[in-house]
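Heads up, the thing below is written out as structure tokens.
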Amino acid sequence: MSVASVFPQLEPLLPRVSKPIQYVGGELGAVAKDWDAATVRWALMYPDAYEVGLPNQGVQILYEVLNELPDVLAERTYAVWPDLEELMRAHGVPQFTVDAHRPVRAFDVLGLSFATELGYTNMLSALDLAGIPLRSADRGAEDPIVLAGGHAAFNPEPIADFLDAAVLGDGEEAVLEITGILRDWKAEGRPGGRDELLLRLARTESIYVPRFYDVDYLSDGRIQRVVPNRPDVPFRVAKRTTMDLDAWPYPKKPLVPLAETVHERYAVEIFRGCTRGCRFCQAGMITRPVRERSITTVGQMVRDGLEFSGFSEVGLLSLSSADHSEIGDMCSGLADQYADSNVSLSLPSTRVDAFNIDLAQELSRNGRRTGLTFAPEGGSERIRKVINKMVTEEDLIRTVVTAYSNGWRQVKLYFMCGLPTETDEDVLQIARMAHEVIKAGRAAAGTKDIRCTVSIGGFVPKPHTPFQWAPMTSPEVIDHRLKLLKQEINSDRSLGRAIGYRYHDGEPSLIEGLLSRGDRRVGAVVRRVWEKGGRFDGWSEHFSYARWVEAAAEVLPEFGVDLDWFTTRERDQAEVLPWDHLDSGLDKDWLWQDWQDSMSEYEQDDCRWTPCFDCGVCPSMDTEIQIGPTGRKLLPLTPVNGMRVPA
Amino acid sequence: MAKKQPPGGQAPVVQRIRIRYAKRGPLRFTSHRDFARAFERALLRAGVPIAFSQGFTPHPKISYASAAPTGVASEAEYLEIGLRERVDPARLRAALDAALSPGLDVIEAVVASEGTGLADRIEASRWRIELSQVDPAAAARAVDAFRAADDVQVERMTKQGRRAFDARAAVTRIVLEERSGVPSEAGAAPCAIIDLVVRQVTPAVRPDDVLSGLRAVAGLEPPVPPRVTRLAQGLLTSQGEIVDPLEADREDASIGGR
Chain Y
1 MSVASVFPQL EPLLPRVSKP IQYVGGELGA VAKDWDAATV RWALMYPDAY EVGLPNQGVQ
61 ILYEVLNELP DVLAERTYAV WPDLEELMRA HGVPQFTVDA HRPVRAFDVL GLSFATELGY
121 TNMLSALDLA GIPLRSADRG AEDPIVLAGG HAAFNPEPIA DFLDAAVLGD GEEAVLEITG
181 ILRDWKAEGR PGGRDELLLR LARTESIYVP RFYDVDYLSD GRIQRVVPNR PDVPFRVAKR
241 TTMDLDAWPY PKKPLVPLAE TVHERYAVEI FRGCTRGCRF CQAGMITRPV RERSITTVGQ
301 MVRDGLEFSG FSEVGLLSLS SADHSEIGDM CSGLADQYAD SNVSLSLPST RVDAFNIDLA
361 QELSRNGRRT GLTFAPEGGS ERIRKVINKM VTEEDLIRTV VTAYSNGWRQ VKLYFMCGLP
421 TETDEDVLQI ARMAHEVIKA GRAAAGTKDI RCTVSIGGFV PKPHTPFQWA PMTSPEVIDH
481 RLKLLKQEIN SDRSLGRAIG YRYHDGEPSL IEGLLSRGDR RVGAVVRRVW EKGGRFDGWS
541 EHFSYARWVE AAAEVLPEFG VDLDWFTTRE RDQAEVLPWD HLDSGLDKDW LWQDWQDSMS
601 EYEQDDCRWT PCFDCGVCPS MDTEIQIGPT GRKLLPLTPV NGMRVPA
Chain C
1 MAKKQPPGGQ APVVQRIRIR YAKRGPLRFT SHRDFARAFE RALLRAGVPI AFSQGFTPHP
61 KISYASAAPT GVASEAEYLE IGLRERVDPA RLRAALDAAL SPGLDVIEAV VASEGTGLAD
121 RIEASRWRIE LSQVDPAAAA RAVDAFRAAD DVQVERMTKQ GRRAFDARAA VTRIVLEERS
181 GVPSEAGAAP CAIIDLVVRQ VTPAVRPDDV LSGLRAVAGL EPPVPPRVTR LAQGLLTSQG
241 EIVDPLEADR EDASIGGR
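Protein sequence lines correspond, in order, to chains Y and C. The first sequence runs 1 to 647 under our numbering. The second sequence runs 1 to 258 under our numbering.
So, in structure tokens, the structure goes:
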């Protein structure tokens with residue numbers, strides 16, 4: 001039975017909302033497939049506004065991988081802003097996909113990608129607008145499987161009640177396997193109903209079905225144990241790792257929106273994973289091992305992606321792009337190819353060394369110069385040892401001097417506030433560092449006309465990192481330190497004038513911390529906040545700290561815990577963590593040792609260049625580091641003569 | 001220390017092309033900025049030898065005539081591009097049309113002749129306003145009242161805040177179409193269609209200002225948002241007809257064979 005578009009009902013509402021184009025679809029790269037010809041149908045959601053969600057790589061990759069299958073259809077849906085939500089409720093328009101404007105409830109799967117926990121309330125809005133019961137337990141045969149992925153899915157416990165399943169790690173192969181299971185189950189006439197389908201998913205041992213696990217608590221509020229309540233469900237669920245990125249060169253046809261979005265560029269992942277070992281970095285811990293995409297595949301993707309999309313900017317993405325074994329040849333090869341064009345190439349740079357400037361210099365040969373960003377993360381030498389960010393102040397000064405003497409007039413520096421063991425003094429060092437940067441920069445550039453921007457993010461301890469046991473610093477202390485830092489930056493007016501200062505208040509970080517390390521009891525808080533109108537919690541104009549604090553105070557006491565218990569409390573080694581049954585490959589004993597090393601300011605090397613330090617990932621996940629160099633080079637592009645009619 | 005110098009070497013413009021394009025269906029919700037981004041990408045996708053400005057951040061040479069408001073469809077939007085190589089306008093039209101999403105449609109491309117610029121050839125727009133679920137008789141009374149008035153004050157939010165202005169003087173034609181009552185799409189609800197010609201003035205009088213005017217003079221309140229389409233732009237003849245702004249370029253091309 002075909003499913004009708006809701007566009008006729010939606011269209012009269014669009015002139016009454018802001019930026020209606022975001023709800024219309026019509027992107028280049030979007031695929032319109034026949035509903036009736038598909039046997040398995042996915043709705044993919046990035047639970048934030050279209051302008052943030054559309055560029056998301058994960059969704060774009062899975063959208064393309066799924067739509068390449070002849071009998072599979074995938075469409076996309078995003079969070080609607082409150083102005084449209086209100087009109088949709090008033091006029092009975094359900095949550096829809098932007099591709100063919102089909103109601104989300106009609107799909108077999110609603111797959112949500114959670115890059116951040118602050119999208120949880122938007123998920124509830126979407127489910128509710130779709131007419132899908134919020135709780136997994138209340139869903140029936142007509143409802144889609146609600147599936148979470150993305151980094152936040154490494155601890156989906158705070159939304160476990162709302163999810164049917166979660167996938168940890170890379171999604172390319174997981175969506176194909178899930179599609180296969182669904183296809184078979186539907187072809188067999190849906191034996192055993194929803195329960196049987198979820199059981200088949202759980203039996204893969206790499207798809208987490210929360211309802212098949214019971215959580216018991218101790219009288220002091222800690223978790224006693226998490227155990228399967230079905231005989232053939234695994235005790236631990238393993239993450240997925242896509243090996244050989246050259247075999248998965250997605251997105252090939254990037255989505256090009258009509259609406260303005262946060263990233264207007266063709267992004268290519270040049271590698272996945274990172275073993276630098278920054279102790280705060282969840283991405284670096286859960287995406288191991290390092291898997292490089294080869295220089296030739298990257299070159300081909302850039303060429304095809306630009307030709308397809310018409311983008312004039314390319315981002316070479318990864319967790320630390322300068323670490324690619326072929327990065328030098330890659331940058332000079334691409335610079336050669338685009339020397340006579342107005343394409344700008346960028347390398348989001350986080351590594352603090354002069355090599356990075358050489359690369360940036362190379363990429364900007366055609367005059368399209370992009371910004372330089374460095375992330376020392378900690379202000380003092382001591383705190384950088386605690387977080388294992390192996391950068392000395394001399395490294396930083398040398399790097400920015402190179403940048404300023406090569407013509408850059410502005411650099412951005414990223415730091416964190418609220419790190420474990422941090423004191424006021426550690427944070428004030430950021431000001432001194434920035435002062436030194438400006439002094440050295442002025443001397444090198446021979447002009448006073450240089451700037452640096454200091455950006456401070458709040459530290460949030462994340463699951464599967466050595467800091468998963470760490471206490472958070474209270475928002476009051478964070479805000480106090482940020483104020484002291486501002487004063488210190490401006491203590492020298494001449495230097496202070498050249499320094500931009502950006503920071504986030506401590507309150508949103510505390511809530512992110514609650515959601516990151518929460519357990520199933522936190523689900524009641526999420527629901528309460530959503531019921532009180534919580535939406536778009538990643539947006540400062542929508543986020544309400546008071547609403548979260550109130551909701552936590554209403555629902556948590558029943559369990560004998562509170563907001564502080566989840567955030568500012570330090571955990572001990574014996575405590576069962578809510579995500580212990582979810583296997584990122586990292587050995588918990590190794591993580592604990594790294595946490596202890598952190599306290600004694602002992603640094604850990606990178607296993608790409610030093611022997612394996614037994615973090616546990618490769619043997620437990622049966623994976624290995626995949627790096628070059630391949631020894632190949634990028635060849636010059638043959639110029640395209642005259643106009644072409646795009647496919 | 002060397003002074004900052006913009007990188008030079010952008011190729012000069014050797015040919016100018018004027019383009020008429022349409023914004024149709026759901027893509028009428030494209031804002032002007034959205035269209036401009038999509039058009040720049042379409043130039044790249046189609047391999048058009050667009051010229052760039054000099055300077056630190058070279059921009060493609062594109063100039064737009066007044067763009068229809070977001071949410072308003074159009075059959076008559078115009079722009080001009082500068083090229084660094086000569087092209088065949090018919091091939092350019094086809095390549096650009098294929099490179100843009102369906103609904104953003106390139107209708108015509110002509111080589112620009114010498115003489116007046118595009119902006120000097122546009123002084124008025126013709127609009128069609130479809131008022132679905134509005135009784136044609138009520139619409140006719142409102143249109144008559146509007147036409148009879150000397151001055152119709154309306155208010156609109158502008159960048160300078162709320163301002164009041166006259167929506168009547170700029171309107172050179174406002175009539176209820178005879179085929180009103182026959183909805184353009186299936187459905188039994190009545191529909192009134194207004195044919196409107198408005199001069200470009202400052203502050204601009206847009207179709208929604210005229211609708212505000214109809215509300216002001218006769219209390220006309222459409223129950224659903226009207227569908228508005230720009231049908232033409234150009235100079236106004238003494239008979240009140242609109243002259244196609246590309247007409248002169250076409251004539252010039254057929255005479256001079258440029």
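Just so you know, even glycine gets a beta-carbon here, dropped at the ideal spot from N, CA and C. Since the model is a prediction, treat every value here as computed from it, not as a measurement.
Whole-number beta carbon distance between residue j and residue i, since they are thought to touch under 8 Å
i, j, result
"Val411 of chain Y", "Leu372 of chain Y", "5 Å"
"Val660 of chain Y", "Arg183 of chain Y", "Residue 660 of chain Y lies beyond the range of chain Y shown here (1 to 647); nothing can be said about it."
"Leu147 of chain Y", "Val109 of chain Y", "6 Å"
"Trp595 of chain Y", "Trp469 of chain Y", "6 Å"
For residue j and residue i, the rounded distance between their alpha carbons
i, j, result
"Ser113 of chain C", "Ala73 of chain C", "28 Å"
"Trp35 of chain Y", "Ser2 of chain Y", "6 Å"
"Val343 of chain Y", "Ser509 of chain Y", "37 Å"
"Val17 of chain Y", "Thr610 of chain Y", "56 Å"
"Glu307 of chain Y", "Val617 of chain Y", "38 Å"
"Ile19 of chain C", "Ile193 of chain C", "28 Å"
"Gly418 of chain Y", "Ile387 of chain Y", "12 Å"
"Leu96 of chain C", "Ala42 of chain C", "6 Å"
"Asp505 of chain Y", "Ser53 of chain C", "42 Å"
"Ala360 of chain Y", "Thr241 of chain Y", "31 Å"
"Leu197 of chain Y", "Ser584 of chain Y", "24 Å"
"Leu14 of chain Y", "Gly71 of chain C", "8 Å"
"Lys483 of chain Y", "Ala546 of chain Y", "22 Å"
"Ala37 of chain Y", "Ala148 of chain C", "58 Å"
"Phe107 of chain Y", "Asn67 of chain Y", "14 Å"
"Arg250 of chain C", "Thr30 of chain C", "29 Å"
"Asp304 of chain Y", "Val111 of chain C", "31 Å"
"Ser516 of chain Y", "Asp34 of chain C", "36 Å"
Amino acids of chain C, ordered along the chain, whose beta-carbon sits closer than 7 Å to that of residue i
i, result
"Val256 of chain Y", "Arg41"
"Pro15 of chain Y", "Gly71 and Pro225"
For residue i, three-class secondary structure by DSSP
i, result
"Ile602 of chain Y", "For clarity, residue 602 of chain Y is Tyr in the given sequence; the question names Ile instead. Tyr602 of chain Y: coil per DSSP, three-state reduction."
"Gln60 of chain Y", "helix"
"Pro376 of chain Y", "strand"
"Cys331 of chain Y", "helix"
"Glu27 of chain Y", "coil"
"Ala140 of chain C", "helix"
"Thr630 of chain Y", "coil"
"Thr229 of chain C", "strand"
"Asp583 of chain Y", "strand"
"Phe271 of chain Y", "strand"
"Thr402 of chain Y", "helix"
"Tyr120 of chain Y", "helix"
Within chain Y, the residues that residue i reaches when beta carbons sit closer than 9 Å
i, result
"Val14 of chain C", "Near Val14 of chain C there are no residues of chain Y at all, since even the closest Cβ is about 15 Å away, more than 9 Å."
"Leu27 of chain C", "Ile21, Val24, Gly26 and Leu258"
Chain C contact residues for residue i, given Cβ-Cβ distances below 9 Å
i, result
"Ser309 of chain Y", "Arg41, Leu44 and Arg45"
Interface partners of residue i on chain Y, CB under 7 Å
i, result
"Arg33 of chain C", "Glu260"
"Pro190 of chain C", "Near Pro190 of chain C there are no residues of chain Y at all, since even the closest Cβ is about 16 Å away, more than 7 Å."
"Val48 of chain C", "Met643"
"Thr30 of chain C", "Ile21 and Leu258"
"Phe52 of chain C", "Asn342"
"Ala67 of chain C", "The premise fails here: Ala67 of chain C is roughly 14 Å from chain Y at the closest Cβ pair, so nothing lies under 7 Å."
"Val87 of chain C", "Met643"
Residues that residue i contacts on chain C, provided the C-beta gap is smaller than 8 Å
i, result
"Ser312 of chain Y", "Glu40, Arg41 and Leu44"
"Pro12 of chain Y", "Val224 and Pro225"
Q) In the stretch 97 to 125 of chain C, which residues sit with their C-beta less than 7 Å from some C-beta in chain Y, listed in chain order? A) Ala98, Ala99, Ser101 and Gly103
Q: Quick one: which residues of the stretch 325 to 358 of chain Y get their C-beta closer than 7 Å to a C-beta of chain C? List them in chain order.
A: Asn342
Q. If you measure beta-carbon to beta-carbon, which residues of the stretch 17 to 39 of chain Y are closer than 7 Å to chain C?
A. Pro20, Ile21, Val24, Gly26 and Leu28
Q | Short-range partners of chain Y found in the stretch 202 to 236 of chain C, where Cβ spacing is below 7 Å | A | Val224 and Pro225
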